[in-house]
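Structure record follows, encoded as structure tokens.
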Amino acid sequence: MEIIVCVKRVPNLSETEIEVDRDGRSLIDDDLEYDVNEWDNFAIEAAVQLKEAHGARVTAVTIGEEDAEDVLRRALAMGADEGLHLMDTTFDGSDAWGIATALHRAIADRPHDLVLAGAISSDEARGHVGGMLAAMLDIPMVALATDLSVDGATATVRHEVEGGLERVTRVDLPALVTVQTGLNEPRYVSIRGIRKVSGMEIPVKTAADLGLDASTVGARAARVKLEEIFLPPKGEGAEMLDGDEESVVAALVDRLQREGGL
Amino acid sequence: MKRIIVVVERVNGELNETAFELLTAARGFEDAAASAALMGESVSDAASELTRWFENVHVYDDPSLAQPDGDYQSRVLKPLIEREKPFAVLIPHTNTGMELAPMLAVRADAPLIADAISIEAVGQEIRSVRTVYSGKVQARVSADPTENGAIVSVRPGAFAVPEAPPEAGGSVHAESIPEDVAPRRQFVETVTPDPSAVDISQAEVLVAVGRGIEDEENLELVHALAEAMGAEVACTRPVVDKKWLEKSRQVGTSGVTVKPRVYLALGISGSFQHLGGIKGDPFIAAINTDSAAPIFGVADVGIVGNILELVPLLEEKIRARG
Ligand SMILES: Cc1cc2nc3c(=O)[nH]c(=O)nc-3n(C[C@H](O)[C@H](O)[C@H](O)COP(=O)(O)OP(=O)(O)OC[C@H]3O[C@@H](n4cnc5c(N)ncnc54)[C@H](O)[C@@H]3O)c2cc1C
Ligand SMILES: Nc1ncnc2c1ncn2[C@@H]1O[C@H](COP(=O)(O)O)[C@@H](O)[C@H]1O
Chain A
1 MEIIVCVKRV PNLSETEIEV DRDGRSLIDD DLEYDVNEWD NFAIEAAVQL KEAHGARVTA
61 VTIGEEDAED VLRRALAMGA DEGLHLMDTT FDGSDAWGIA TALHRAIADR PHDLVLAGAI
121 SSDEARGHVG GMLAAMLDIP MVALATDLSV DGATATVRHE VEGGLERVTR VDLPALVTVQ
181 TGLNEPRYVS IRGIRKVSGM EIPVKTAADL GLDASTVGAR AARVKLEEIF LPPKGEGAEM
241 LDGDEESVVA ALVDRLQREG GL
Chain B
263 MKRIIVVVER VNGELNETAF ELLTAARGFE DAAASAALMG ESVSDAASEL TRWFENVHVY
323 DDPSLAQPDG DYQSRVLKPL IEREKPFAVL IPHTNTGMEL APMLAVRADA PLIADAISIE
383 AVGQEIRSVR TVYSGKVQAR VSADPTENGA IVSVRPGAFA VPEAPPEAGG SVHAESIPED
443 VAPRRQFVET VTPDPSAVDI SQAEVLVAVG RGIEDEENLE LVHALAEAMG AEVACTRPVV
503 DKKWLEKSRQ VGTSGVTVKP RVYLALGISG SFQHLGGIKG DPFIAAINTD SAAPIFGVAD
563 VGIVGNILEL VPLLEEKIRA RG
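Protein chains in written order, with the numbering used here: chain A, 1 to 262; chain B, 263 to 584.
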């Protein structure tokens, strides 16, 4: 079985002060820390577990700058067999369509029984690259898997539907499945584990290698243009309780009591 | 005139609220005519209800459409888009919508704006605001409709349901499934939730905990606080993913919907998927180390601080009231 996993390197913003850069379209990234997209980490683990159970070749693919290689190394350390790095300034500013187009070109000509993507990327938060890629490959897809098994040429997927419910769906391979968090418990990646795979060659492909150029990928070709990004206006929302610990907690107790919370 | 098609979703056999929210979005376009596209099995009642809201209702009524399958739906709808050539197709940004919208966009060769919280047409362009970077940043995006229009997946809850149906007196158009189109997925079963699981949906006071709790052991602090308050413990998805609390305590679009009087959010960033499970406009208090956490945008009162320090203190003060 040939498994392809799409992985993305994203900034981890949960506790970082962020500022919009002067171009109005990106964040100042001096102090940002990056990691593999949370959903993609579950996808890699799912692929590696299928490999361990049935035997498979797992290829992790990413589109991104030089540093994006980190997420491929991480995937290799978890048990992926190969990495594929699509890197070219021509890809800069691609929308979901552009990303899916490049992934499609990279995947279409190689064997792919199962393609895995994250349900969503935490930075761009679209949840659309997987579905677009499936349509371009003309293979069926199932979104938001919380359980995944393969038997011969059929995948059985438990996945989230509306109303907090889950369904079980069967689909013949080749197929694309997007992965929801909680599908498994991704294994820990140690620095030693990364070091072990540091010698592995990761092939790089450019836009031209994939037969693509600025008319199909990148900012100019984007069908959805990013005009600007901005921080939500400050001061809207909660009344902030200030002071030392004792007094803020006392004030909170007071408010909770008044609202019937105690 | 701008033709807008709203893809209607049914949940457990009922028309989903998003159908009417998206109608509001459609009517925001100047000089718009709103049609609905309805897919399912035995949906004639739903179709006639929709004629009160939409001028045209395109109905695909077939046993093969009984289960939501975005992959199949995208191939069913493609000819409709090519025939009607709408200015925009609005699809709810729900679980099935996340399958349908991207596949339909590619098949119909139309641009796709994801998870929009606002929509407007400026000339021939569609503009939307959406949230990025874990909800901490907003983005303004635009798309030029192609011949087949543009697709916008719209965040549930972003638009209000009209107070009353506009009594559109719409007409039903029975549509047929294209000949060469068949499902490629096989429905096996719906997973029945565990009936013995705790039910937090009726709780009046909830102490909800997120990833900010950092470690499983620290949950003791939260349980102790909830006990002192006479509250139930709730949580976000990552806490369930780590198996620290049961799934039945997860609040959100893929968890439980709650409607408490008071909601205390501890170490929760405030993603829309989490907030989507909180109804009834409760009093929300939040504690978070990050002053820019989106939760403070929706909370009534907030404290910037460390829950590991503040929660024990809070419990102590509550118990001390006697
Ligand atoms: C289709 C779909 C459905 C989803 N459904 C749900 C759902 O039903 N429910 C749900 O919750 N999520 C759901 N999610 C996930 C959601 O997108 C978020 O990832 C999740 O809600 C984040 O949980 P969190 O706030 O606990 O974690 P984070 O976003 O990581 O936030 C943790 C917060 O804790 C703060 N913090 C850290 N340490 C401390 C400390 N010591 N003291 C105080 N604060 C601290 C941080 O500043 C941060 O704001 C869904 C996602 C998708 C794609
Ligand atoms: N630059 C990228 N490189 C590789 N995979 C990506 C990239 N961007 C998005 N993806 C995949 O598409 C999924 C959904 O992303 P999105 O549609 O941007 O929310 C991610 O979880 C990844 O699996």
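The C-beta atom is built at its ideal place from N, Cα and C for all residues, glycine as well.
Note that the structure is a prediction, hence the values are computed from the model and not measured.
| Asked | Found |
| --- | --- |
| Taking the CB atoms as reference points, tell me whether V177/A and V150/A lie closer together than 8 Å. | no |
| For ligand 2, is there a heavy atom less than 7 Å away from the beta-carbon of S26/A? | no |
| Quick one: which unbroken alpha helix (DSSP H) runs of 4-plus residues sit fully inside the region 450-532 of chain B? Chain order, please. | 481-491 and 499-503 |
| For E228/A, go through chain B and note every residue whose CB falls closer than 8 Å to its CB, in chain order. | A401 and R402 |
| Show which residues of chain A have a CB atom less than 7 Å away from the CB atom of S396/B. | L13, S14 and S122 |
| Quick one: using the 10 Å Cβ neighbour count with 16 as the cut-off for buried, is I4/A buried or exposed? | buried |
| Ordered along the chain, which non-local residues of its own chain (more than five positions away) have a Cβ less than 6 Å from that of V394/B? | A401 |
| Below 8 Å on the Cβ atoms is my contact criterion, and I expect V58/A with A43/A to pass it. Report the Cβ-Cβ distance as a whole number of Å. | In fact, because the Cβ distance is near 10 Å, the residues do not count as touching under 8 Å. |
| Look up G302/B in the DSSP assignment and say whether it is helix, strand or coil. | strand |
| Assign H54/A to one of two classes, buried (16 or more other C-beta atoms within 10 Å of its C-beta) or exposed (fewer than that). | exposed |
| State the Cα-Cα distance for the pair V224/A and E124/A, rounded to the nearest angstrom. | 12 Å |
| Where D23/A and G93/A are concerned, what is the direct C-alpha to C-alpha distance, given to the nearest angstrom? | 13 Å |
| Between the region 376-383 of chain B and the region 158-168 of chain A, do at least 3 Cβ pairs fall closer than 8 Å? | no |
| At a Cβ cut of 7 Å, what residues of the region 347-366 of chain B count as close to chain A, listed as they run along the chain? | T356, N357, T358, M360, E361, A363, P364 and M365 |
| For T16/A, verify whether its CB is less than 7 Å away from any heavy atom of ligand 1. | no |
| Is there contact between the region 356-363 of chain B and the region 209-217 of chain A, where contact requires at least three CB pairs shorter than 8 Å? | no |
| Using the three-state DSSP reduction, which class does I375/B fall into: helix, strand or coil? | strand |
| Under a Cβ-count criterion, where at least 16 other Cβ atoms within 10 Å of its own Cβ denotes burial, should D138/A be classed as buried or exposed? | exposed |
| Between the Cα of M315/A and those of V48/A, D29/A and E33/A, spot the shortest distance and give me the residue it belongs to. | Outside the modelled stretch of chain A, which goes from 1 to 262, sits residue 315/A, for which no answer is possible. |
| Among Q512/B, K504/B, E283/B and L366/B, which has the Cα closest to the Cα of E479/B? | K504/B |
| Does the beta-carbon distance from K8/A to N41/A come in below 8 Å? | no |
| Note down the Cα distance separating P140/A from V171/A, rounded to an integer number of angstroms. | 8 Å |
| Output, in chain order, the set of chain A residues within a Cβ distance shorter than 9 Å of A527/B. | Under the 9 Å cutoff, chain A gives no residues; its nearest Cβ is about 10 Å from A527/B. |
| Is it buried or exposed, K196/A, if we count other Cβ atoms within 10 angstroms and call 16 or more buried? | exposed |
| Between which residues of its own chain and A134/A is the CB-CB distance below 6 Å, once the five residues before and five after are set aside? | M141 and L176 |
| Just to confirm, is the Cβ distance from S404/B to E227/A under 8 Å? | yes |
| In terms of residue numbering, what span does the beta strand (DSSP E) encompassing F545/B cover? | F545 to N550 |
| Does any residue of chain B have a CB that is nearer than 8 Å to the CB of T169/A? | yes |
| Under a three-way DSSP split, which group does R195/A fall into? | helix |
| Using a threshold of 8 Å, state whether the C-beta atoms of D371/B and R392/B are closer than that. | no |
| Which same chain residues end up closer than 7 Å to K340/B when comparing Cβ atoms and leaving out the 5 residues on each side of it in sequence? | L366, R369 and A370 |
| Report all residues from its chain with a CB closer than 8 Å to the CB of F316/B; omit the five preceding and five following residues, and keep chain order. | V268, L285, A296, S297, A298, A430 and G432 |
| Would A238/A and A527/B qualify as a contact pair, given that the criterion is a beta-carbon distance under 8 Å? | no |
| Below 8 Å between beta carbons is the criterion; list the residues of the region 456-481 of chain B that meet it against any residue of chain A, in chain order. | E466, V467 and R473 |
| Counting only C-beta atoms, is L103/A closer than 8 Å to chain B at any point? | no |
| Can V566/B and M240/A be called in contact, C-beta distance under 8 Å? | yes |
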